[in-house]
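In this note's numbering, the protein residues as written are 16 to 290. Before any comments, here is the structure.
Structure below.
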């Protein structure tokens, strides 16, 4: 799990600060009260203002009050005792979830000052390349990426940095708000591009994930190597010669026996009995 710590100076109400974090990361919202005195005994409250007021973390005299805390934040919030000694209120939110995205307000009861933060949450994952279909001397590769937020873009590239034409389906959003996206790329056997990259990028969070694949010559399992005409003629001629030699040996062996049966001929007595 990645750990992302963002130290923030939250401003007074009306000056909300945008903060970004990825799903699974840790983020720290830090408020400077502009005092150098110990504020550990004061009442500090962090709460969500959307969709409705909801307590994220409440502390009185250095003791966390869990009675009214939103269960979704239980065990994931903590105030830094060291920062409180220096007049700074630092709320650490662990294991960020997509549902954590929204507006947060910090209320410092001693001065009645309020500070606002808007938390933006993103999600990213590595794409997966699969072999979708084999059509003669053509391969169809698929690339899928799941669990992205906000909506990403997917593209195919060569290792030299050339963008490849591909068919990319519109990203679909699931009930959990995460996006899935997929694309297919047609690769011909004669194509010089054997090192390919599937890249997924999200601009707002500047997140890029990519997967690379190398296609060797024998990666085209559906291909039948054509034989040359001269090789085919030699092969057929050789088979015929062997058959003729075997036939000659068969006839010689048959003639050396007392039976009147010849190679390929029926017995004379058999015809007689049939008349």
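Ideal Cβ positions, reconstructed from N, Cα and C, are used throughout, including at glycine.
{"Check": "Distance, residue 98 Cα to residue 146 Cα", "Outcome": "54 angstroms"}
{"Check": "Proximity below 8 angstroms, CB of residue 78 to CB of residue 58", "Outcome": "no"}
{"Check": "Segment limits, alpha helix (DSSP H) that includes residue 106", "Outcome": "Taken as a continuous stretch (DSSP letters only), residue 106 belongs to no alpha helix (DSSP H), being part of the beta strand (DSSP E) at 103 to 108."}
{"Check": "Pairwise C-alpha distance: residue 128 and residue 66", "Outcome": "22 angstroms"}
{"Check": "Residue range of the beta strand (DSSP E) that includes residue 225", "Outcome": "222 to 229"}
{"Check": "Nonlocal neighbours in the same chain, by C-beta distance under 7 angstroms from residue 172, ignoring five residues either side", "Outcome": "178, 179, 212 and 214"}
{"Check": "Where the alpha helix (DSSP H) containing residue 97 begins and where it ends", "Outcome": "96 to 100"}
{"Check": "DSSP bridge partner residues for residue 69 (one or two, in chain order)", "Outcome": "63"}
{"Check": "Distance between beta carbons of residue 134 and residue 34, contact taken as under 8 angstroms", "Outcome": "5 angstroms"}
{"Check": "Proximity winner among 48, 183 and 131, relative to residue 32 (alpha-carbon distances)", "Outcome": "131"}
{"Check": "Burial state of residue 72, where buried means 16 or more other Cβ atoms lie within 10 Å", "Outcome": "buried"}
{"Check": "Anticipated Cβ contact below 8 angstroms, residue 111 with residue 181, distance rounded", "Outcome": "Actually they do not touch by this definition, with Cβ atoms about 32 angstroms apart."}
{"Check": "Under the three-state DSSP convention, the category residue 47 falls into", "Outcome": "strand"}
{"Check": "Spatial distance of residue 217 from residue 198 (CA atoms)", "Outcome": "16 angstroms"}
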